[in-house]
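Novice:
Residue numbers (this note's numbering): 135 to 340.
1) Per DSSP, what kind of secondary structure is residue 335 in: helix, strand or coil?
2) So, helix, strand or coil for residue 309, using DSSP?
3) Nearest-angstrom Cα distance between residue 161 and residue 295?
4) Quick test of your reading: residue 152 and residue 163, contact by CB under 8 angstroms. State the CB separation rounded to the nearest angstrom.
5) Assign residue 257 to buried or exposed, taking buried as 16 or more other Cβ atoms, counted over all protein chains shown, within 10 Å of its Cβ.
6) For residue 204, count neighbouring Cβ atoms within 10 angstroms of its own Cβ and tell me buried if that reaches 16, exposed if not.
7) Assuming contact is defined by CB atoms lying nearer than 7 angstroms, are residue 171 and residue 194 in contact in what I supplied?
8) Buried or exposed for residue 229, please, with buried defined as at least 16 other CB atoms from any protein chain shown within 10 angstroms of its CB.
9) Any idea if residue 311 is buried or exposed, counting beta-carbon neighbours within 10 angstroms, 16 or more meaning buried?
10) If I follow the unbroken beta strand (DSSP E) through residue 212, where does it start and stop?
11) On the premise that residue 278 lies in contact with residue 232, defined as a C-beta separation below 8 angstroms, what is that separation, rounded to the nearest angstrom?
12) So what's residue 317 in DSSP terms, helix, strand or just coil?
13) With a threshold of 7 angstroms on Cβ separation, who are the neighbours of residue 187 within its own chain once the five nearest residues in sequence on each side are excluded?
14) Hey, how far is the Cα of residue 149 from the Cα of residue 167?
15) How many Å lie between residue 268 and residue 185 at the Cα?
16) Does the beta-carbon of residue 218 have 16 or more other beta-carbons within 10 angstroms, so that it is buried, or is it exposed?
If you want it as structure tokens, here you go:
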């Protein structure tokens with residue numbers, strides 16, 4: 135079960151990240167985020183892997199949103215292909231990035247009050263061992279947010295940050311976001327006591 139969030143709040147400009155352990159947990163949150171956006175009239179952009187895009191669209195259609203998915207309110211693009219449009223020598227090119235993303239925002243945002251974006255671009259870079267490029271891309275998103283109104287949902291699989299070697303990278307990624315949502319092993323804890331116990335154990339390991 136996804137952590138309890140008010141997805142209507144994501145109509146406000148915000149850059150948040152969710153860590154996840156299973157695809158089901160990610161898709162629960164993603165379908166709520168995009169589905170709520172489509173229902174309230176937001177433009178929605180999904181930059182994800184093919185399996186995640188297909189699973190998301192299946193869920194959205196099951197919720198009666200097929201008309202919105204096939205219309206101009208929704209744009210879906212493969213994360214790897216999108217990256218290839220602005221990566222240069224292993225790093226995101228700022229001008230190319232702005233051009234690519236700004237055109238998508240203009241496409242779905244015309245006549246709409248807000249745009250919601252989901253991106254797995256940074257997760258793919260980390261999976262390829264290019265954490266520096268992922269952090270640079272997060273910074274470019276924040277820079278673009280200064281001139282364009284949108285909410286951005288980033289997602290990273292938690293297994294990509296195992297061990298102390300990734301501690302600095304993980305910290306920098308969290309610092310780029312206005313809100314950090316923990317993976318399901320924490321959010322599934324029902325009682326405040328269980329959550330306090332989990333936090334205490336993490337502090338002891340630090």
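Cβ atoms here follow ideal geometry from the backbone N, Cα and C, with glycine treated the same way.
Specialist: With the given structure in hand:
1) The predicted position of residue 335 is uncertain, since its pLDDT is 48 and thus under 50; a value taken from the coordinates is nonetheless stated next. Here residue 335 sits in helix by DSSP.
2) helix
3) 20 angstroms
4) 6 angstroms
5) Residue 257 should be labelled buried.
6) exposed
7) Between residue 171 and residue 194, the C-beta gap is not smaller than 7 angstroms, which leaves the two residues out of contact.
8) exposed
9) That one is buried.
10) Per DSSP, residue 212 is one residue of the beta strand (DSSP E) stretching across 208-212.
11) 6 angstroms
12) coil
13) Within the same chain, Cβ atoms closer than 7 angstroms to the Cβ of residue 187 are found at 180 and 210, the five residues on either side in sequence being excluded.
14) Residue 149 and residue 167 have their C-alpha atoms some 13 angstroms from each other.
15) 21 angstroms
16) exposed
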